[in-house]
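S.K.:
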Amino acid sequence: MPKETTKATRRKAADKAEKAPKAKAKKDPKAPKRPLSAYMFFSQDWRERIKAENPDAGFGEIGKLLGAKWKELDESEKKPYVEQAARDKQRAEAEKTEYDGKKGDSAGSGGDDDDE
DNA sequence: CGTATGATTGTTTCT
DNA sequence: AGAAACAATCATACG
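Residue numbering for the first sequence follows the numbering used here, beginning at 11 and increasing consecutively.
(1) Would you check if the region 86-103 and the region 63-70 touch, i.e. whether three or more CB-CB distances between them fall below 8 Å?
(2) Decide if A41 is buried, meaning its Cβ has at least 16 other Cβ atoms within 10 Å, or exposed.
(3) Expressed to the nearest angstrom, what Euclidean distance is found between the alpha-carbon atoms of A48 and E87?
(4) In three-state DSSP terms, what is Y109?
(5) Let me make sure I understand the geometry here. Which of R57, D84 and A102 has the alpha-carbon closest to that of E71?
(6) In chain order, what residues of the same chain lie with their CB nearer than 7 Å to the CB of R101, ignoring the 5 residues before and after it?
(7) Just tell me which of E103, Y109, R59 and K43 has its CA closest to the CA of L76.
(8) Do the CB positions of W80 and F51 come within less than 8 Å of each other?
(9) In whole angstroms, what separates the C-alpha of K99 from that of E63?
(10) Under 8 Å Cβ to Cβ from E105, same chain only, skipping five residues before and after it: list those, please.
(11) From the DSSP output, in three-state form, read off G73 for me.
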């Protein structure tokens with residue numbers, strides 16, 4: 011069995027599942043955005059199917075159906091999505107690498123900035 | 001070392 | 001343009 015980094019960690023997540031804190035406001039000026047989640051890839055492929063079988067379903071309906079099916083999928087079914095997520099992760103990794111690297115540098119350049 | 005958190009990602013539909 | 005259900009994530013920061 012793989013190590014679950016102390017399952018206790020995840021447990022907490024379930025505890026918090028009670029509330030749905032909306033992401034808002036950023037912290038870092040260039041926040042190296044995080045990799046997409048398997049759900050994102052899954053939705054990209056399913057979104058069309060959901061609507062295909064639920065042309066009448068609206069936002070809430072589809073969203074719920076989407077998640078419901080997602081959980082119905084087998085590990086192997088999510089695998090492809092998760093793999094994509096893992097792939098994107100590498101991308102995000104590089105992002106942070108740069109963010110972390112330039113962070114200390116000052117060189118100056120100046121340039122950069124936040125906003126453009 | 002282990003933990004908790006926070007931030008983020010993409011879809012859909014609506015006004 | 002943004003909002004919110006739906007789900008995963010998972011990298012980071014901190015003592």
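Even glycine gets a Cβ: it sits at the ideal position worked out from N, Cα and C.
M.R.: Taking the coordinates as given:
(1) no
(2) exposed
(3) Rounded to the nearest whole angstrom, the C-alpha separation of A48 and E87 is 11 Å.
(4) helix
(5) R57
(6) Once the five neighbours on either side are set aside, the close Cβ partners of R101 are P45.
(7) R59
(8) Result no, Cβ atoms of W80 and F51 do not sit closer than 8 Å.
(9) 31 Å
(10) P42 and K43
(11) DSSP places G73 in helix when its eight states are reduced to three.
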